[in-house]
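Comments concern the structure below.
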Amino acid sequence: MIGVDTGGTFTDFVVLQDGRLVALKLPSSPHRPERAILTGLAKLGANAETRVRHGSTVATNALLERKGARVTLVTTAGFEDLIEIGRQDRPQLYALAPSRPPPLVPARRRIGAAERVGPRGERWHSLTPAEVRRVVKAVRRTRPAAIAIGLLHAYADPAHERRLERALSRSGAPITRSSALCPEYREYERFSTTVVNAYLLPRVRRYLRSLAQATRARLEIVLSHGGTASASEAALEPVRQLLSGPAAGLRAARAVARTCGHRETLTLDVGGTSTDCAYIAGELPRRRAREIAGFPVLLPLLDVHTVGAGGGSIARIDPGGLLRVGPESAGAEPGPACYGRGGPATVTDALLVLGRLPGEALAGGALPLDRGAAERVLATLARGLGTDRLGAAEGVVVLAEAQIEAALRKVSVERGHDPGGAALVAFGGAGGLHACPVAEAIGCRAVLAPRHAGVLSALGAWLGGSRRERSRSVLLEAGDGAGLGRVFADLERRVRGEFPAAERGEVRLERWAEVRYRGQAHELSVSCPRSSTGLARRFHVAHARRYGFAAPSLPVEVVTVEVRGALPDRRLPRLAITGRSIARSGWRQPVRMTGRWRAASVWERETLRPGDRLRGPALVAEEGATLWVPPGWRGQVHASGTLVLALAGAR
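Going by the numbering used here, the sequence shown opens with residue 911, and the numbers climb by one from there.
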């Protein structure tokens, strides 16, 4: 088994060989992402018997960069403009000229079909054969590369969507049908999800086919809910991959925290392009819907908050003369200035100039660092700010850490969680460089720096078991046990059938429901007992916990039911750590902080053994990641190999 995570700057690999984890980090190839993956698999000796679990950013990048397919949308007549009208939410409340991303399908490629189905499946206006022929002709005139079909209330009766799908299949363009992808009510979110899937489908399918044909290994793709699917299945629903990499990292971070005895966890994954944060209190945090790149996605996914503050985030001066960092990134090509390819000033350049990157190369020597180039771009930036290059470098790092701190507060304090009771797991290539300062700023008293932190998302892909999830809107009373039971049984058959026959006996099924008081606009997700008789009682308890009150006298409505099927995760392996303990670091390096230089001890991670202790200021270097331990912090190596850090004097 090999775990793979493709990022904007590096592609990471993890494999267990002879009882020890072997990690590999290679520069990404953004224009042909499969190249870096195939190179890494070849280095690790992948063959036809090797299973590869791949966290992919192809779908995410295609949506962010708007480089998807030419899509035509077929919808109920009169609702052609729904994906552009959207909701009345105002994300920029005080903006004088608010803007929204333009729809992925322009008006000229939105085709209305004369049909109408009611919310309980009533046939109000049947779809005639003549109307089907008219729609097919109209779609052909738009020359689509992909087709999205989203009809009003198709979750209640998908017959009209199926008829259109059969008729349009002769065009040769791939088709996404809303009642197959997400058969749930709320037409705007359902249509948006369907369009996004169609928009991504041709590009992701080409990528996965190319990758599968070029390697003999058995390929699985990590999905946004943390599970995996085969490459052929994942190619049909690429919208489920939009948080593929962050979902894998979350799973590994929870495993690290639990091994060290922590149940509540803040995660900090800082890569080359972005920072991903989450708060874990027991189970992995989930959401049923969120906006990605400005487009609603109505599918289950792990709840990860992302900001554009990574090692490659570009530092610049805005028109008002203020320093800005991100969200634009230098990526892998050209990368930061210190990569020697003519890149701009970035956070990585600032860290290098400040002495927080020991050595002369990254990724185990694969990427030499050009310190002179970093100093030159920061000197140019400094002239615009009226300071010197060291002052500019410190400003860049302070600003990046302020953005990371705000992201951590959003997933903790703003949601009612106390960071003081959680451990901060730092990973990604740059997570350890910012973890202690931001943990101190938000009052988090413990930082966990795992072994192989730079490739932890790849480790999460390696750990995660296969998972399938299906849902359907039902709009039933919570007391309708027979009706709910029939729907659950049907979904359970579908979910179990999506696993290979040899694995179906190990599948663990869970029933969940989206429940509300009748008349409410939003639901709470509640675990559903097999009998369904205790569902209303569970909802009252969940409502009181979330909102501070419950109303047992009001009728309870089940809006959507969901079945989750999963195979057990692999266990986090106990790393083979041998050899005697050491008592001192390898060398010392000057590090700039708060306007002056300090001598920091530099430790090679491979030399640290369980029980070893260190004090800041210190740098801990390993292949793929660096940890900065500021003055006032101290650490001890846990039996698992994770370095546990705390502020001196903190309990």
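Don't be surprised by glycine CBs; every beta carbon is placed ideally from N, CA and C.
Computed from a predicted structure; not experimentally measured.
Item                                                                                                                                                                 : Value
Report the rounded CA-to-CA distance for ARG1502 versus LEU1261, giving the unit in angstroms.                                                                       : 9 Å
Select from ALA1549, SER1184, ALA1108 the residue whose C-alpha is nearest the C-alpha of GLY1521.                                                                   : ALA1549
Thinking C-alpha only, which one of GLY1155, ALA1332, GLY1236, LEU1386 is nearest ALA1312?                                                                           : GLY1236
With ARG963 and GLU1130 assumed to form a contact (beta carbons below 8 Å), what rounded beta-carbon distance in angstroms separates them?                           : 5 Å
Less than 7 Å between C-beta atoms, sequence neighbours within five positions excluded: which residues of the same chain meet that for GLY988?                       : GLY1022
Give the list of continuous beta strand (DSSP E) stretches no shorter than 3 residues that lie fully inside the region 1385-1444.                                    : 1418-1427, 1434-1437
Given 8 Å as the limit, is there contact between the region 1254-1268 and the region 1296-1311, that is, 3 or more CB pairs closer than that?                        : yes
Does the separation of the CB atoms of PRO1206 and SER1383 fall below 8 Å?                                                                                           : no
In this structure, does DSSP put GLY1545 in helix, strand or coil?                                                                                                   : strand
Count the other CB atoms within 10 Å of the CB of PHE1459; is the residue buried (16 or more) or exposed (fewer)?                                                    : exposed
In the DSSP output, what is CYS1187 paired with across the bridge?                                                                                                   : LEU1178, HIS1215
According to DSSP, is ALA956 part of a helix, a strand, or is it coil?                                                                                               : coil
Express the C-alpha separation of LEU973 and ALA956 in angstroms, rounding to a whole number.                                                                        : 31 Å
Between the alpha carbons of GLU1032 and LEU1212, how many angstroms are there, rounded?                                                                             : 35 Å
From the DSSP output, which residues share a beta bridge with TRP1513?                                                                                               : VAL1530
Between GLU1472, LEU1385, ALA1069, which has its C-alpha nearest ALA1431's C-alpha?                                                                                  : LEU1385
Among all the DSSP beta bridges, which residues are the ones paired with VAL1554?                                                                                    : LEU1358, GLN1546
Three-state secondary structure (DSSP) at PHE1449?                                                                                                                   : helix
Which residues does DSSP pair with ALA1058 in a beta bridge?                                                                                                         : LEU983, THR1086
Classify GLU1270 as buried or exposed, calling it buried when 16 or more other Cβ atoms lie within 10 Å of its own Cβ.                                               : exposed
Check whether the Cβ atoms of ALA1454 and VAL1436 lie closer than 8 Å to each other.                                                                                 : no
Determine which residues share a DSSP beta bridge with ARG1164 and list them.                                                                                        : Per DSSP, none; premise fails for ARG1164.
Taking the alpha-carbon of ILE1352 as reference, which of GLY1341, ALA1316, LEU1445, GLY1364 has the nearest alpha-carbon?                                           : ALA1316
Looking at C-alpha atoms only, which residue of GLN1123, TYR1095, GLY1241 is the closest neighbour of SER1142?                                                       : GLN1123
In the DSSP assignment, find the beta strand (DSSP E) that holds PHE920 and state where it starts and stops.                                                         : 920-927
In whole angstroms, give me the CA-to-CA distance for VAL1149 and ILE1059.                                                                                           : 15 Å
For the beta strand (DSSP E) holding LYS935, just list the boundary residues, first then last.                                                                       : 930-937
Is PHE1205 helix, strand or coil by DSSP?                                                                                                                            : strand
Of all the options ALA1145, SER1367, PHE1337, which has the alpha carbon lying nearest to the alpha carbon of THR1086?                                               : ALA1145
Quick one: grab the DSSP three-state call for GLY913.                                                                                                                : strand
Could you give the residue range of the beta strand (DSSP E) that holds HIS964?                                                                                      : 961-965
Of the choices VAL1263, LYS935, GLU1467, whose alpha-carbon is the least far from that of GLY1282?                                                                   : VAL1263
For ARG1073, which residues from the same chain have a beta carbon less than 7 Å from its beta carbon, with the 5 sequence-adjacent residues on both sides left out? : LEU1037, VAL1042
Please name the residue in SER1322, LEU1318, PRO1246 whose C-alpha comes closest to that of ARG1286.                                                                 : PRO1246
Going by C-alpha distance, which of THR1177, ARG930, VAL1106, GLY1218 is nearest LEU1209?                                                                            : VAL1106
If you count every other CB in all the chains shown that lies within 10 Å of the CB of ASP922, and 16 or more means buried, which is it?                             : buried
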